[in-house]
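In our numbering, the protein residues as written are 1345 to 1424. Ideal Cβ positions, reconstructed from N, Cα and C, are used throughout, including at glycine. None of the values given here were measured: they were computed from a predicted structure. Everything on this sheet refers to the single structure shown next.
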Amino acid sequence: MIDTGIFNDNKYFDVFTKYAKADEEDILIKITVHNRANEDAPVTVLPQIWFRNLWGFGLMKNKPVIDGLGSKDGFASVKL
């Protein structure tokens, strides 16, 4: 990719994703984005979470629901 010249002006974002477990039912995700350009630039981050379809086969009683818990100090939380 370096040979293509897309990094010549150092205008790119580094995105780091870390996963951890607080307990057997929790999944914690931390996404850090660094703008490597000299000027501010907008960026949109859309993390994805997914469910394994166990309810469609009768292996789970209820279909899961994602509820937003709001955000504070640049951090957002959801409850599954």
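Query raised in the report: Along the chain, where does the beta strand (DSSP E) that runs through Thr1348 open and close?
Result: Per DSSP, Thr1348 belongs to no beta strand (DSSP E) and is neither H nor E.
Neighbourhood of Lys1365 by C-beta distance below 8 Å, restricted to the same chain and skipping five residues each side: Ile1371 and Leu1372
Subject >> C-alpha distance - Phe1395 paired with Ala1420, whole-angstrom precision >> reply: 19 Å
If contact is defined by three or more beta carbon pairs under 8 Å, each pair taking one atom from either stretch, is the stretch 1380-1388 in contact with the stretch 1352-1359?
yes
CB of Thr1376 to nearest heavy atom of the ligand SAH: below 8 Å? With respect to the ligand SAH, the structure shown offers nothing to examine, as it has no ligands at all.
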